[in-house]
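Here our numbering = 1-based position in the sequence shown + 17. Here a beta-carbon is modelled for each residue, glycine too, at the ideal position from N, C-alpha and C. Everything numeric in this text was worked out from a predicted model, so none of it was measured.
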Amino acid sequence: MQRTAQCSCGSVRVVAEGEPSAVVACHCLECQRRTGSVFGVGAYFPEARLILSGETKQFARPTESGAQFVTHFCPTCGTSVYWRAGKLAGLVGIAVGAFADPSFPLPQRSVWEQSRHPWVEVASAQQHFPKGRQ
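Okay, structure coming up:
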């Protein structure tokens, strides 16, 4: 199976082969700011199963663990398409919304629930963590 994620203007694209290793809903304040929503949902794939294309701008920030979190976004439309988290070597997170596929696999994990908006519930998640997964 192949899926394609892209930014709003179509300049940045990610073609992913196979199923994601994990789909995670994150309620941390940084994901809230990154997405402009109350949480972010990312699908994680081994980088070897991805074709990344298009020029991106990058924004790097430290995480609570001290690792880097580098977001790649389109310099034209501003869409945050994918990221690399320092503590997840070899994996790339892709914004599930960039796939624009309502049949995409559901989140299995919900993380950083300590900053979750109380009216948000991720019913599909089998695992729930107050912070990131240890």
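message: Using the Cβ count rule (16 or more neighbours within 10 Å means buried), how would you classify T21?
response: T21 is exposed by the Cβ-count criterion.
message: Alpha carbons only, please: which of P79, F146, Q125 and P122 is nearest the one belonging to R133?
response: Measuring from the Cα of R133, the nearest candidate turns out to be F146.
task: Identify which residue in A112, G110, Q85 and S97 has its Cα closest to the Cα of G103.
output: Q85
task: Pick helix, strand or coil for Y93, following the three-state DSSP scheme.
output: Residue identity check: residue 93 is Thr in the sequence provided, not Tyr. T93: coil per DSSP, three-state reduction.
Spatial distance of R66 from H44 (CA atoms): Rounded to whole angstroms, the gap between the alpha carbons of R66 and H44 is 27 Å.
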